[in-house]
Each structure stands twice: as C-alpha cells, then as structure tokens.
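Heads up: the sequence lines are chains C and E, in that order. Reminder that position 283 of the first sequence reads as 285 in this note's numbering, one-by-one numbering, no gaps. Reminder that position 59 of the second sequence reads as 373 in this note's numbering, one-by-one numbering, no gaps. Okay, structure first, notes after.
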Amino acid sequence: MGDMTESQDVQKLALDSWHRSKGARMVPFAGYEMPVQYEGIITEHLWTRESAGLFDVSHMGQLLVHGADADAALETLLPGELRTLGDMRLRYSLLLDDSGGIIDDLMATRRGGDFYLVVNGATKHGDIAALENSLPRGIVVDHMKEQALLALQGPKAVEALETIAPGVGELTFMQGGAFRLAGHPAWISRSGYTGEDGFEISIPAAAAATVADELTADAAVKPIGLGARDSLRLEAGLPLYGHDIDRATTPVMAGLTFAISKRRRAEGGFPGAQRILAELEEGPPQRRVGFDVDGRQPVREGALVLDDEGNEVGRITSGGFSPSLQRPIAMGYVASALAESGTALKLEQRSKLFEARVAALPFVPHRYHRKGAAA
Amino acid sequence: MSLYFTREHEWIRVDGDVATVGISDHAQQALGDIVFAEVPEAGKRLAKGAEAAVVESVKAASDVYSPVAGEVTEGNSAVADDPALINRDPEGEGWFFKLKLDDAGELEGLMDEAAYRDWVKTL
C-alpha cells in the first residue's frame, strides 16, 4: 500500500501533551505538530455539526497592528473597508500583491485604533515581512507569539462557552470582545471556519490547557482535529489558502468580492486595484465553484476539469468525501462561461473520468448567528 | 493456512494455491475513515507488486499492490459497498480480493505475522 505519512522537524504547540493525552494523532502541518484526528474524522466532523467541537488553531498567526491611522495604512494593502469598521467588529480581508494575486486571507478586527489580525499559519512569516515592508514607519506589527488560539464551533458552542465566559452569547457573528477565562484575559470573537455558529478564542499559551480542560469538561464539547476542520470548511464552501486561493488567483476569480467594499471599489488604492476593478467590471476569466461528483470516489486537488469535448477548462483545488452529505464534493476553478450551477462537466483524476456538475457554494448551509436573526 | 505481510502493509493468507489479500490493521488505522474501495474483477491477471485495488480515506487515496503474481478469482463486493468494513475488520471480512497463485515461491520474500507486527512497532 502506498503513500503513508512521513515526519519532519517541526515545532510543538502549547497544547501538544494535552492533544496526545486525548488520543490525538499528530502530523506536521504549517511548521507545527498538529492533531489531525482523535476518534476519527467522520465522527469528529458530525459531532461539530450536531454539538460543539474544540479546535486548536494556535499555528495561525495572531498580529497586532498599531500606530497612528493604522486603518488607513492597512487599507493600502487590503481591499476592505477598515476606516469605518466599528470597534470590536471583524472583517474578512485579503492581503494582495501588486497584480491582485492573493498573498493571504485573514480576519481583521478593530480594537480601538489598533487592528488584531489572524492570518494563516503557513504564511504568517511572509505576511509579517510583507506588512513591515509596506506599512509606514509609524505603524508597528507585533507578532503575538505567546497567544494560543482555540476555536469552539457548532450549535452547542454558545451554551458551552457561556457557562465559563458569561456574556459571549450576546456577541453576533463577526463581533468580538474582551472576556476572562479561567482567570486569564481572553479575546473572543463569534467567528470560525466550519460554517457553524461558534467562537475563536485567543488566550495566553500558558492558560491554554486549563481553558481546554474547562471547555471539554462539558459533555457537549469534544476536541476535533485538522482533518475534520478541512472537511467542515469544504462543506461550508470556504477557501483554504495555498489550495483554493493563492497568488495566481484574484478575489474576483475566487468569488470573494464581498471583501472589496463599495468605497474601495470607487476609490481603488489597494494593490492590484486596476486588474481587480477591471475583473469586477468585465468578469474574471475563471471562477471558483463547487462540484457535485457522481459515484462514491473522492476527487481531490489536482484533478482536471474537462468540457464535453475533453478540453481542459479548469482544475480542482480541494475535494473529498462529505461526511454530512455522504458523497464526494469538490471545489475548483472553471472558465467563467461554464461556471453556472448545474453545468455538467467531467473531472479527470489518475486517467479516470468522473461525471460532475457545478454546484452552488456552500454545500451545507451556514448557520452563523447573525445580527438581527432569531437566536 | 499461512499468513504473510508486505512492507506496503498488505496481508496475504494462503490456502493451497489460493490467496486472500487485504490491508493490515496498522494500515487501516493510518488511513483513518475509509470512504471508498475499488477491487479487481475475477479474471484479472496481476503481476507481483502491481496496482491491484484502490482505497481512499477522508484524507488520502492509496493503491493496494498484489504481493504475488496470479489471477484474480474474486473481488470483495462487500468492501466496495461498505468501505468502512475495512476499518472494522481489516484482516478478516474487510479483505480486498482472492487470487490463484502463479508461483508459491514468491511468498518466500514476505514477512510472517510475528516479523510484521514487530516491524510495525518500529515505525
């Protein structure tokens, strides 16, 4: 049998021994030994959709950008509306290169005049360098290396977290606030990467094990590995950096135009604005779409998308078996003319053809706790 | 009946000139939740070391190789219909295929069960 995993030199998480004590299988990812699964990916995935899952995402970069007019300075690098972003509000944004390619995707939160950014683990050092090279002298980027980051996701997340952090239930989707957890300061936002209601929790690394113990003391909460994190975000239609988005893709190709706000479209002034504004006007050459795949065999990253004459018209960037839907699903890019939902296409993987149809994203509806929505 | 293992984590159970092939418990654990299996059809000729079957977990796809040369006499439709059977009973009901051996001498290079279990502990 082929393709067993290999090991390499990597850093340890603050919760390394905690994960191992919970039966985690650890694998190298983004420079860290990370828990890929505990009980099994399908069980953990379904648990998160039905109850609450605790994820350790401490490999991600937590940055604090501060200095006079940090919002205006960041707007020269990101296409989002930051100047009028409300205090304690989060915004999904994109670090762009000069040709409009995506250097990284991130969450930016205004904390007074400062901005708290959460960036991807594999790209954080490059992001910091890009920010430091491009931001004016008066703007400082602090890498909060002593902070751990946990995510509590699922329909029972709010109830579980409320018992140890009273008041979190009043946050709405994409809103954060300062709380105390187990006697330690915590920054908690109502956000996540599963499509479910849930929270992301930034705490001192030294407090991470205590907080993880308190959360998993609730029978509704189980630790969930990176494997289920990937299948959950794929069902939720959320792109994974380095796979579904990268420097060869623009926010318009990737279907992330919601991250380019109205004022920024009118004014420009972000990297790659010329190309991005032209793509907004005329349409991009390719679009990121979902695929429903016939049969039971997963079609994965790297498979080709073919039209009915066998021409290559795109590629698969993420794919796998959906535990919630019990069938293979995939995400990828296809020529814009073929991007309409329902379009029948073929996928080619290892010389085998699969029937597929373009599908609207997400595959599984989001259940965010939006402002104004019923609880 | 004799049981042998390969370094690629297949097992082969030999009864006369017919052998049953599957993947080891170690292999199914490493793969995690198995969601797809494709087994060869009766009549297919397999060379020693040839790709014989496909197994996919949520995370990854792997090939299953034939430990010896021979002609497939049966593919296990039960694992194609219910791939999780390979997780539940990898070295029993979760077998992949049976084949008629060309040359029993090819078994000599394989590990016996004790050697395989000891070797897996070192991985």
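Every residue, glycine too, gets a C-beta built ideally from N, C-alpha and C. Just so you know, these numbers come straight off a predicted model, no measurement behind them.
Taken in chain order, the complete alpha helix (DSSP H) segments of 4 or more residues contained in the region 88-162 of chain C are 126-136. When Cβ-Cβ separations below 7 Å define contact, residue 353 of chain E makes no contact with chain C. Along the length of the region 332-386 of chain E, whole beta strand (DSSP E) runs at least 3 residues long occupy 332-337, 348-352, 365-371 and 375-379, reported in chain order. Residue 81 of chain C sits buried, since 16 or more C-beta atoms from the chains shown fall within 10 Å of its C-beta. Between residue 276 of chain C and residue 255 of chain C a beta carbon distance of about 15 Å is seen, past the 8 Å cut, so the two are scored as non-contacting. Residue state for residue 217 of chain C is assigned as helix, using DSSP reduced to three classes. At least 7 Å separates the CB of residue 37 of chain C from every CB of chain E.
Excluding five sequence positions before and after residue 341 of chain C, the CB atoms of its chain that fall closer than 7 Å to its own CB belong to 289, 291 and 360, given in chain order. Residue 12 of chain C places its beta carbon 7 Å or farther from that of residue 25 of chain C. Close CB contacts of residue 404 of chain E within its chain, under the 8 Å cut and outside five residues either way in sequence, are with 336, 337, 338, 339, 341 and 342 (chain order).
Distance from residue 101 of chain C to residue 261 of chain C at the Cβ level is roughly 17 Å; contact not present, criterion being Cβ atoms closer than 8 Å. Classified as exposed, residue 135 of chain C has fewer than 16 neighbouring CB atoms from the shown chains inside 10 Å of its CB. DSSP, read as helix, strand or coil, puts residue 207 of chain C in helix. Residue 155 of chain C places its beta carbon 7 Å or farther from that of residue 91 of chain C.
Excluding sequence positions up to five before and after residue 328 of chain E, its CB lies within less than 6 Å of the CB of 316, all in the same chain and listed in chain order. Contact residues of the region 228-253 of chain C toward chain E are 229, 230, 232 and 233 (C-beta to C-beta distance below 9 Å). Residues of the region 371-384 of chain E that bring their beta carbon within less than 9 Å of a beta carbon in chain C comprise 371, 372, 373, 374, 375, 376, 377, 378 and 379, in sequence order. One thing to note: residue 196 of chain C has its Cβ within 7 Å of the Cβ of residue 50 of chain C. Per DSSP, the continuous beta strand (DSSP E) segment holding residue 34 of chain C begins and ends at 34-39. At a cut-off of 7 Å between beta-carbon atoms, residue 187 of chain C makes no contact with chain E. In the same chain as residue 162 of chain C, and ignoring 5 residues on each side of it, the C-beta atoms closer than 8 Å to its own belong to 54, 154, 217, 220, 222 and 223, in chain order.
Within 7 Å of the CB of residue 347 of chain E, the CB atoms of chain C belong to 42, 43 and 44, in sequence order along the chain.
Residue environment analysis places residue 78 of chain C among the exposed positions, since fewer than 16 neighbouring C-beta atoms fall within 10 angstroms of its C-beta.
A Cβ of chain C is located within less than 7 Å of the beta carbon of residue 350 of chain E. Distances from the alpha-carbon of residue 331 of chain C to those of C:316, C:338 and C:364 put C:364 closest. Excluding five sequence positions before and after residue 345 of chain C, the CB atoms of its chain that fall closer than 6 Å to its own CB belong to 360, given in chain order.
The region 53-67 of chain C and the region 122-142 of chain C touch, with three or more beta-carbon pairs separated by less than 8 Å.
Taking 7 Å as the CB threshold, residue 155 of chain C stays off the interface with chain E. A distance below 7 Å separates the beta carbons of residue 46 of chain C and residue 230 of chain C.
A distance below 8 Å between beta-carbons, with the five flanking residues on each side excluded, links residue 356 of chain E to the following residues of its chain, in chain order: 386, 387, 388 and 389. When the beta-carbon positions are compared, residue 304 of chain C and residue 347 of chain E stay at least 7 Å from each other. Shown here, residue 47 of chain C sits in a helix according to DSSP, grouped into three states. Residue 180 of chain C and residue 203 of chain C do not touch by the CB rule: their CB atoms are close to 12 Å apart, not below 8 Å.
Rounded to the nearest angstrom, the Cβ distance from residue 360 of chain E to residue 330 of chain E is 18 Å, too far for a contact under 8 Å.
With a contact defined as Cβ atoms closer than 8 Å, residue 410 of chain E and residue 393 of chain E qualify at about 6 Å. Under the DSSP assignment, residue 193 of chain C falls outside any beta strand (DSSP E); it carries neither an H nor an E label.
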